[in-house]
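Everything below concerns the one structure shown next.
Residue numbers (our numbering): 43 to 356.
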């Protein structure tokens, strides 16, 4: 879809890309032909009821493909790990106590394992081979993303996002690949709604009924926001990795610190009070929703800064 759009744009022909899910349709229309679709789209375009989306550049699309490749590879590795653990459990093999799953000590114990009886050896070798291939693929893609993100057009924004607790370079790269700089969001609630962190609603008249979260938009983006939100269960601190990443921002450090300094205080307080009243899953979702607001605030601040390179992150 994007290749024809870029070709037409290069020829001087306006070719907006429309969000398919936001195209107005009639529920009673059961006839679909190319002629009817073309007429319907032309009428909607003339009426201004179509919602265009921003077309990424070729470099941004290539970077997004790397992030999506990792998003696809990580579940494959997780399934390979689960098969290994399930097989060990079925064979009655248990790791020694005190070894965290998939840590260095666990892997050192795993490699020389010899199952009995001997006919199980080929199966065990195949399982370890699948696990090694999955680990190698994830590590290779992660290194590629780590090499590419400092040269990305949104690298200054990614470095600024890393001033927030729970947002490292990989999380920031995934956010930038999934939503860009957020210039289309004029209010933080718009970003929250785009990510699916707002409740569904079915209201009529004076009756208002709100249901569960809509969970629309980018599912991997919601997952990493949940992972980032879990880090706020710890007490706020100004040292550690977050402090080093803030110090690496140079002249941007004071204003970004002013934004990121408010987040731990508020979000940690939420994770202390909400689980008892709403349950842990809802509390994590509420913190992830609030984290979207701080991400939006930093993105707005970065967009108004004069062009210039931010010192590379430590």
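Glycine included, C-beta positions come from ideal geometry on N, C-alpha and C.
For clarity, every value in this text was computed on a predicted model and none was experimentally measured.
- In this structure the segment 166-185 does not lie against the segment 83-92, because fewer than three pairs of beta carbons, one per stretch, are closer than 8 Å.
- At a cut-off of 3 residues, not a single continuous stretch assigned as beta strand (DSSP E) sits fully inside the segment 59-101.
- In the DSSP annotation of this structure, the continuous segment of the alpha helix (DSSP H) that includes residue 220 starts and ends at 211-221.
- Scanning the segment 230-307 from its first residue to its last, the whole beta strand (DSSP E) runs of 3-plus residues come out as 241-243 and 252-255.
- For the pair of segments examined, the segment 91-105 was found not to touch the segment 136-143: the number of CB pairs separated by less than 8 Å stays below three.
- In this chain, the alpha helix (DSSP H) harbouring residue 147 covers 146-152.
- Bounds of any alpha helix (DSSP H) do not take in residue 141, whose DSSP letter is neither H nor E.
- Around the C-beta of residue 334, 16 or more other C-beta atoms lie within 10 Å, and the residue is accordingly described as buried.
- In the structure shown, residue 310 falls within a helical segment according to DSSP collapsed to helix, strand and coil.
- Here the alpha carbon of residue 121 sits roughly 30 Å from the alpha carbon of residue 222.
- Of the residues assessed, residue 218 falls on the buried side of the cut-off, its CB having 16 or more other CB atoms within 10 angstroms.
- By the Cβ neighbour-count rule, residue 276 is exposed, with fewer than 16 other Cβ atoms within 10 Å of its own.
- Below 8 Å, enough C-beta pairs join the segment 226-237 and the segment 318-338 to call them touching: three or more.
- Within the model, the alpha-carbon separation for residue 162 versus residue 49 is close to 56 Å.
- A straight line joining the alpha-carbon of residue 344 with that of residue 294 spans about 9 Å.
- In summary, residue 64 is exposed, with fewer than 16 beta-carbon neighbours lying within 10 Å of its beta-carbon over all protein chains present.
- The beta carbon of residue 346 sits closer than 7 Å to none of the beta carbons in its chain outside the five residues before and after it.
- Here residue 329 really is in contact with residue 313; their C-beta atoms are around 6 Å apart, less than 8 Å.
- Residue 274 sits buried, since 16 or more C-beta atoms from the chains shown fall within 10 Å of its C-beta.
- Taking a C-beta distance under 9 Å as the contact criterion, residue 279 and residue 237 do not qualify as a contact pair.
- Closest in C-alpha terms to residue 324, from the list 241, 281 and 250, comes 241.
- For residue 291 against residue 201, the beta-carbon gap comes to about 6 Å, under 8 Å, which counts as contact.
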